[in-house]
Amino acid sequence: MFKCRESMTKSQQKIADEFMNMIEDEYAFCVKKMRQADKAAYRKEIPADSELPVGAIAACREIDAIRGYWHKRLLSLVEVMEWRNPRLLEELANKYLKDE
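Quick look at the structure:
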């Protein structure tokens, strides 16, 4: 994934190796957390035709902010990968985002 490995110091190579080893776990973790937040923001007990109480709206906004965090974290990973290993990125998207 990293094209200039031969120019890296041993400590740089270690960092690159650790990053490579955590990519799929991190991707899966972020997707899982985003889905959990999506489900938590949906309030089943409140009928669709009624207005949400102010507290419920605020709670949903808080959960949405957390979901945004997970989305940004996943997007940061995608940005690192998109030019370095687009094939792996596509494989992970197909594996973890196939229902999106």
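Heads up: the sequence shown is residues 21 to 120, going by the working numbering. We treat Cβ as the ideally placed atom computed from N, Cα and C, and that holds for glycine.
- prompt: Since LEU112 and GLU44 are thought to touch, with beta carbons under 8 Å apart, how far apart are those beta carbons, to the nearest angstrom?
  reply: In this structure, LEU112 and GLU44 form a Cβ contact; the two beta carbons are roughly 6 Å apart against a cut-off of 8 Å.
message: Quick test of your reading: CYS50 and LEU94, contact by CB under 8 Å. State the CB separation rounded to the nearest angstrom.
response: Taking C-beta atoms under 8 Å as the contact rule, CYS50 and LEU94 qualify, at a distance of about 4 Å.
- request: Count the other C-beta atoms from every protein chain shown that fall within 10 angstroms of the C-beta of ALA57, then say buried if there are 16 or more, exposed otherwise.
  value: By the C-beta density criterion, ALA57 is buried, having at least 16 other C-beta atoms within 10 angstroms.
Close-in-space but distant-in-sequence residues of the same chain around LEU97 (CB under 8 Å, 5 per side omitted): The beta carbon of LEU97 lies closer than 8 Å to those of ILE43, GLU46, TYR47 and CYS50 in the same chain, with the five residues before and after it left out.
message: Buried or exposed for MET101, going by 16 or more other Cβ atoms inside 10 Å?
response: Looking at its Cβ environment, which holds 16 or more other Cβ atoms inside 10 Å, MET101 is buried.
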